[in-house]
Structure formats: structure tokens, C-alpha cells
Amino acid sequence: MFQIIILKKVNQFINKLPNAEKVREKLGRLKDFNSDNNLRLDIERFKGKSKNRYRIRIGEIRYIFEVVEDKIFIDTANYRGRVY
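FYI, the numbering used here numbers position 21 of the sequence shown as 21, with every residue one higher than the one before it.
Laid out in C-alpha cells, this is it:
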């Protein structure tokens with residue numbers, strides 16, 4: 001089980017969304033994350049040097065997170081055209 005850490009700027013972004021509670025519920029499901037993606041979430045691993053970085057898509061918004069030991073750091077959130 002992972003501990004989920006959401007950076008302050010991501011929290012502020014989520015708070016402005018009309019469906020903030022739904023987003024928090026889906027991000028909370030990441031605590032049971034594994035690389036097999038058995039959570040039925042739209043998660044993809046980044047290719048290249050960042051082997052521990054992933055993105056999860058919730059609606060039109062992408063949330064970028066990194067897995068470090070037993071923690072998941074959600075450090076970026078924005079619409080697709082702005083996040084990459």
C-alpha cells in the first residue's frame with residue numbers, strides 16, 4: 001500500500017474543479033497501485049529515463065505522479081495540451 005502525497009499546487013488546482021470530490025476519490029485509489037494497473041484507471045507509464053513516472057487521466061485532465069519506494073507523489077496536474 002502506498003502513501004499518496006499531493007503537492008500544494010496540485011491541491012489548489014483540484015480545489016477549483018467542479019468535480020473535486022470525484023477526482024480525490026480516484027486519486028485515492030492509487031494507494032493500491034501496481035504496475036499491472038488493476039485499478040481500472042487510465043494510467044500509463046512514461047517512456048525513457050523516467051521509469052517511475054506515470055500519468056493518470058481523469059476526464060480531460062492529466063495528473064503526473066512518481067512512485068518512490070512506498071510513496072506516490074502527485075506533482076503536476078493540468079489539461080492535456082498544457083501538461084506535457
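Using N, Cα and C, we set each Cβ at its ideal position, and we do this for glycine too.
I4: which of K47, G81, I74, I43 sits nearest, CA to CA?
I74
Going by C-alpha distance, which of L7, L17, F2 is nearest Y79?
L17
For I74: DSSP bridge partner residues
I6, F65
For E44, the residue or residues it bridges with in DSSP:
R55
Looking at the unbroken alpha helix (DSSP H) that takes in L27, where does it start and where does it end?
20 to 28
Pairwise C-alpha distance: K71 and F13:
21 Å
Are M1 and K49 close, meaning C-beta to C-beta below 8 Å?
no
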